[in-house]
Amino acid sequence: MREINSAAGQGGKSYLVYVPSLPEDLRTIWYNRNREALNSPKPQPVALPIPANVSPNIAAEVAEWQWKLSVIYPALKHPKHSTARGTVLADIASKTHIRPDGKAVALALSTLRSWIHKIEEGGDEKALVRKRRAKGLRRVIITRAWDKGAPFPETEKRLIAAEIETYTRSLWSNGVPGWEKVNALASSKLLEISRSTGWLEATQAECTLGRHYCERYRSARIVAIKEKDAKRWADHFEPTIKRDRPKLPMDIVIGDVHPLDIIVTTADGREITPRLIAWLDWATGDIHTTLVFLGKNQGVRQEHIARSFVAMVKDWGLPRRLYLDNGAEYKWDEMIEAFQAFVGLSDAFDVILTSAREIDMAGGVNEHHAQQVLSKAVTRAKPYNARAKAIEAVFGNLEQHFLSMIPGWIGGNRMNKRTHRVGKKPNPFPGSEQDFEQAFNQAVAFYRSTPQSGTMGGKSPNERKLEGYASPEFQSYTVSHEAFLLAFATVEKPKVQPGGIQVNGLWYYHDCLIPHIGSRVEIRAAKWDKEFVSWLDENGQLHLIPQAELHSPDNRTGAFEGSRRKALAVAHVKKEKSGTRNLDLLQEIARHNAMQPQQPSRPPAIEIGITPQVAALAEARKSPPKVKETILHLGSFQHKKTGQIVEISAPVAPDKPGKLIDLDKHLIESAKQRETP
Numbered sequence: 000m001r002e003i004n005s006a007a008g009q010g011g012k013s014y015l016v017y018v019p020s021l022p023e024d025l026r027t028i029w030y031n032r033n034r035e036a037l038n039s040p041k042p043q044p045v046a047l048p049i050p051a052n053v054s055p056n057i058a059a060e061v062a063e064w065q066w067k068l069s070v071i072y073p074a075l076k077h078p079k080h081s082t083a084r085g086t087v088l089a090d091i092a093s094k095t096h097i098r099p100d101g102k103a104v105a106l107a108l109s110t111l112r113s114w115i116h117k118i119e120e121g122g123d124e125k126a127l128v129r130k131r132r133a134k135g136l137r138r139v140i141i142t143r144a145w146d147k148g149a150p151f152p153e154t155e156k157r158l159i160a161a162e163i164e165t166y167t168r169s170l171w172s173n174g175v176p177g178w179e180k181v182n183a184l185a186s187s188k189l190l191e192i193s194r195s196t197g198w199l200e201a202t203q204a205e206c207t208l209g210r211h212y213c214e215r216y217r218s219a220r221i222v223a224i225k226e227k228d229a230k231r232w233a234d235h236f237e238p239t240i241k242r243d244r245p246k247l248p249m250d251i252v253i254g255d256v257h258p259l260d261i262i263v264t265t266a267d268g269r270e271i272t273p274r275l276i277a278w279l280d281w282a283t284g285d286i287h288t289t290l291v292f293l294g295k296n297q298g299v300r301q302e303h304i305a306r307s308f309v310a311m312v313k314d315w316g317l318p319r320r321l322y323l324d325n326g327a328e329y330k331w332d333e334m335i336e337a338f339q340a341f342v343g344l345s346d347a348f349d350v351i352l353t354s355a356r357e358i359d360m361a362g363g364v365n366e367h368h369a370q371q372v373l374s375k376a377v378t379r380a381k382p383y384n385a386r387a388k389a390i391e392a393v394f395g396n397l398e399q400h401f402l403s404m405i406p407g408w409i410g411g412n413r414m415n416k417r418t419h420r421v422g423k424k425p426n427p428f429p430g431s432e433q434d435f436e437q438a439f440n441q442a443v444a445f446y447r448s449t450p451q452s453g454t455m456g457g458k459s460p461n462e463r464k465l466e467g468y469a470s471p472e473f474q475s476y477t478v479s480h481e482a483f484l485l486a487f488a489t490v491e492k493p494k495v496q497p498g499g500i501q502v503n504g505l506w507y508y509h510d511c512l513i514p515h516i517g518s519r520v521e522i523r524a525a526k527w528d529k530e531f532v533s534w535l536d537e538n539g540q541l542h543l544i545p546q547a548e549l550h551s552p553d554n555r556t557g558a559f560e561g562s563r564r565k566a567l568a569v570a571h572v573k574k575e576k577s578g579t580r581n582l583d584l585l586q587e588i589a590r591h592n593a594m595q596p597q598q599p600s601r602p603p604a605i606e607i608g609i610t611p612q613v614a615a616l617a618e619a620r621k622s623p624p625k626v627k628e629t630i631l632h633l634g635s636f637q638h639k640k641t642g643q644i645v646e647i648s649a650p651v652a653p654d655k656p657g658k659l660i661d662l663d664k665h666l667i668e669s670a671k672q673r674e675t676p
């Protein structure tokens, strides 16, 4: 205990006592009143700020200045300009040193002195780090060849460089494939700018940019990927997240086509197993079903899927997201275009084509593998043929515990069908297709009202749906019937005629087609409604084009309608003419030709002679001279080869009465006498 001066004590005096030396009772009282004194003091760390600019080579830079400092440290211990420092520096310069990268180097005395000068002037060991050129500052403006040859001041060179940089980036952003194409277009652009600026002697070699320059701006190609290749963007560039199992009805609906293991007799006496088009509401576990009774050698088609989807949306509303099992029996490729249309028609709808293994009923959807569809794109995952898919568990539960009670059920193994008697064919469902559909709907209703285990939490689909509908966050969406007709339609490209367009043998007309007469337009024709077709123009505006009205010859309204359409066509021509000017096309062609390089002239040719044999052969192949035709008199003829005219003398009278003249013999003898070889 010792006495100290204090304002708290009597007379300004207080006593400072070592607590452990107090009696136990006093020590206990003091500890009870000062419990915080028993706690170890916690240090308050000081947050060191991170430098505003961090070098990417910070580790190498630290190793550099530490090595340099270790080399010159013996000299730094001696005073500046002292003999001892000079002696130590000379000794250091005479030795070989190992750099941090393992290379042996010899250091000049001037180098060592410059290091010491940086330390003493800067006061910081970081001054030993070699100053590197700031990123973004290039010594070469465009290329070395162009910089050397271009007769422009540096300011003008910088302007040209900025223009070429923008042009090169634009080539990448517009989707030019590969650096070779970018290099060709950008180099010719640089040549054009150089000549137009005043460097008339510029050559293509001096203006060639090269691969290194073009690759520098390749990052701009992400613009083309985003705007022109939505699938690639969604597959490889779009950031993704992990989502939990949905809590609200219709947040996610899973579509699948499933074969039923029940034999049904059709109206024509065939025994078939129907196909089930099912839509599973993931949040509630409810299933919307459509039965399809296929004919011989038939499969599920697009109209079946469309009819089922329309029925589901009308009953449940539009799902927020739609997942399609790409590994299912039905390949959804036929329906992708229709579902894509819904993506564009409604902001509250997305569609995802994935494999069933990506749809984890317990853990949510891994959207790194099953990419979300945006901008009218669909992501395709590889099919997965697992023994037990997550979505298949719902169908397995439905079949094993509910559909198995329907007569005609053959079990899940088609190769080992369940039969009423061993060795006999299974008995089909005892009733028509309509009877089976009623029985099937009853089994599905039983499923909806039955509590389910596992992720359903012991609740039935109806109970979970009721809870979801009562949630203030739930909002139902629907679409008009016209939207279905637009989406679930086939694409046709008819040519617009003066009277409209012809699709599947029917004529359709709307005033919006007049500006496109003579061109082809892409329209959508719904298979189940032929009253009109739909067309999205170049501005994205939807036009419903009805069937063309037929006018009788004696109906005056037809004449009025024809005049009205002609007036619309004339107005369209006037609109197109506005903003244009008359051009002399011959002058434009001449201007274009003047800008092109001169046509190359043929170099002097070397004449190749021919041998005497070839000359003789050519002479022999010549046709003989034509014989000049001459008018012949009676009793003469002309030789075919020589052209000589041969006179035929009169025959001598026979020496005997009654003897005939041999005229043929006379002609032959006369010709032989007069013929010249």
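Residues 0 to 676 in numbering that gives the first Met the number 0 are what the sequence shown spells out, letter by letter. Just so it is clear, CB atoms sit at the ideal spot from N, CA and C, and this is done for glycine as well.
What does a CB cutoff of less than 6 angstroms around glycine 407 pick up in its chain, not counting 5 residues either side in sequence?
Here the set comprises Ile261, Ile262, Pro427, Phe428.
Suppose the cutoff is 7 angstroms on Cβ atoms and the five residues either side in sequence are ignored; what does the same chain contact list for glutamate 2 look like?
Around glutamate 2: Lys12, Tyr14.
Between the Cα of cysteine 564 and the Cα atoms of Thr202, His509, Ser109, Val139, which residue gives the shortest distance?
It should be pointed out that residue 564 corresponds to arginine in this sequence rather than to cysteine. When each option's Cα is compared against that of arginine 564, the closest is His509.
Assign arginine 320 to buried or exposed, taking buried as 16 or more other Cβ atoms, counted over all protein chains shown, within 10 Å of its Cβ.
Arginine 320 is buried by the Cβ-count criterion.
Nearest-angstrom Cα separation, counted from arginine 168 out to arginine 447
Straight through space, the alpha carbons of arginine 168 and arginine 447 are spaced by roughly 58 angstroms.
Could you pull the DSSP bridge partners for proline 545 from this structure?
Answer by DSSP bridge pairing, in chain order: Phe531.
If you draw a straight line from the alpha carbon of glutamate 481 to that of phenylalanine 531, how long is it in whole angstroms?
Spanning the two alpha carbons is a distance of roughly 10 angstroms.
If we count Cβ pairs, one from each stretch, closer than 8 angstroms, do we get three or more for the segment 267 to 287 versus the segment 306 to 317?
In short, these stretches touch, since the Cβ pair count reaches three.
Using 8 angstroms for Cβ pairs, my map puts proline 248 next to glycine 467. What's the rounded Cβ distance?
A Cβ-Cβ distance of about 4 angstroms is found for the pair proline 248 and glycine 467, placing them in contact under the 8 angstroms criterion.
Can you tell me which residues form a DSSP beta bridge with threonine 489?
Under the DSSP definition of a beta bridge, threonine 489 partners with Ala524.
From Ile118, Phe487, Gln203, Val128, residue whose alpha carbon lies closest to that of alanine 58:
With distances taken between Cα atoms, alanine 58 lies closest to Val128.
Can you tell me whether histidine 257 is helix, strand or coil according to DSSP?
Strand.
Starting from the Cα of proline 678, find the closest Cα among Trp64, Val87, Pro318, Gln65 and give me that residue.
Here the chain comprises residues numbered 0 to 676, so residue 678 is not present and cannot be evaluated.
Residue nearest to lysine 94 in terms of C-alpha spacing, selected from Leu111, Pro78, Arg590, Ile630
The option with the nearest alpha carbon to lysine 94 is Leu111.
The beta strand (DSSP E) enclosing tryptophan 761, as first and last residue numbers
Residue 761 falls outside the range modelled here, since the chain spans only 0 to 676, and no answer is possible.
Member of Ile607, Leu75, Arg157, His400 whose CA lies at the smallest distance from the CA of glutamate 120:
For glutamate 120, the closest alpha carbon among the candidates Ile607, Leu75, Arg157, His400 is that of Leu75.
With a Cβ-Cβ cutoff of 9 angstroms, do valine 312 and phenylalanine 487 count as a contact?
The answer is no: Cβ separation not under 9 angstroms.
Sort out for me which residues DSSP pairs alanine 185 with in a bridge.
In DSSP, alanine 185 forms no bridge with anything.
Quick check on the DSSP output: the alpha helix (DSSP H) that includes valine 287 runs from which residue to which?
Reading the sequence as shown, one finds histidine at residue 287 and not valine. No alpha helix (DSSP H) contains histidine 287, which is instead part of the beta strand (DSSP E) from 286 to 291.
Which residue spans inside the segment 46 to 108 form an unbroken beta strand (DSSP E) run of at least 3?
Secondary structure remark: continuous beta strand (DSSP E) runs of at least 3 residues inside the segment 46 to 108, in chain order: 95 to 97, 103 to 105.
Are the beta-carbon atoms belonging to tyrosine 507 and glutamine 546 less than 9 angstroms from one another?
Taking 9 angstroms as the Cβ cut-off, tyrosine 507 and glutamine 546 qualify as a contacting pair.
Can you tell me whether glutamate 23 is buried or exposed, with buried defined as 16 or more other CB within 10 angstroms of its CB?
The residue in question, glutamate 23, is exposed, as its Cβ has fewer than 16 Cβ neighbours within 10 Å.
Residue of His591, Ala570, Pro273 minimising C-alpha distance to cysteine 511
For cysteine 511, the nearest C-alpha among the options comes from Ala570.
Quick check on DSSP: helix, strand or coil for isoleucine 163?
Looking at isoleucine 163 - three-state DSSP - the assignment turns out to be helix.
Check whether the Cβ atoms of lysine 494 and serine 533 lie closer than 9 angstroms to each other.
Taking 9 angstroms as the Cβ cut-off, lysine 494 and serine 533 do not qualify as a contacting pair.
Output the distance between the C-alpha atoms of asparagine 396 and phenylalanine 338, rounded to the nearest integer angstrom.
In a straight line, the C-alpha of asparagine 396 is about 28 angstroms away from that of phenylalanine 338.
With a threshold of 16 other CB atoms inside 10 Å of the CB of glutamate 205, please say whether the residue is buried or exposed.
Here glutamate 205 is buried. Its C-beta has 16 or more other C-beta atoms within 10 Å.
Helix, strand or coil at glycine 363 according to DSSP, with G and I counted as helix
Any reading at glycine 363 needs caution, since the residue's pLDDT is 43, under 50, leaving its predicted position unreliable; the model's value is listed next. In this structure, glycine 363 counts as strand in the three-state DSSP scheme.
DSSP on glutamate 179, reduced to helix/strand/coil?
Correct three-state label for glutamate 179: helix.
Determine the DSSP secondary structure at arginine 274, reduced to helix, strand or coil.
Correct three-state label for arginine 274: strand.
Leaving out five residues before and five after glycine 557 in sequence, what residues of the same chain have Cβ atoms less than 8 angstroms from its Cβ?
Answer for glycine 557: His550, Ser551, listed in chain order.
Which of helix, strand or coil DSSP assigns to tyrosine 17:
Tyrosine 17: coil per DSSP, three-state reduction.
Any beta carbon of chain B sitting closer than 9 angstroms to that of isoleucine 261?
Absent from the structure: chain B. Only one protein chain is present.
Can the beta-carbon of threonine 142 be found closer than 9 angstroms to that of threonine 207?
In this structure, threonine 207 lies closer than 9 angstroms to threonine 142 by Cβ.
Give a yes or no on whether the C-beta atoms belonging to serine 431 and alanine 266 are separated by under 9 angstroms.
For serine 431 and alanine 266, yes; Cβs fall inside 9 angstroms.
Residue burial classification, arginine 194 (beta-carbon count within 10 angstroms, cutoff 16)
Around the CB of arginine 194, fewer than 16 other CB atoms lie within 10 Å, so the residue is classed as exposed.
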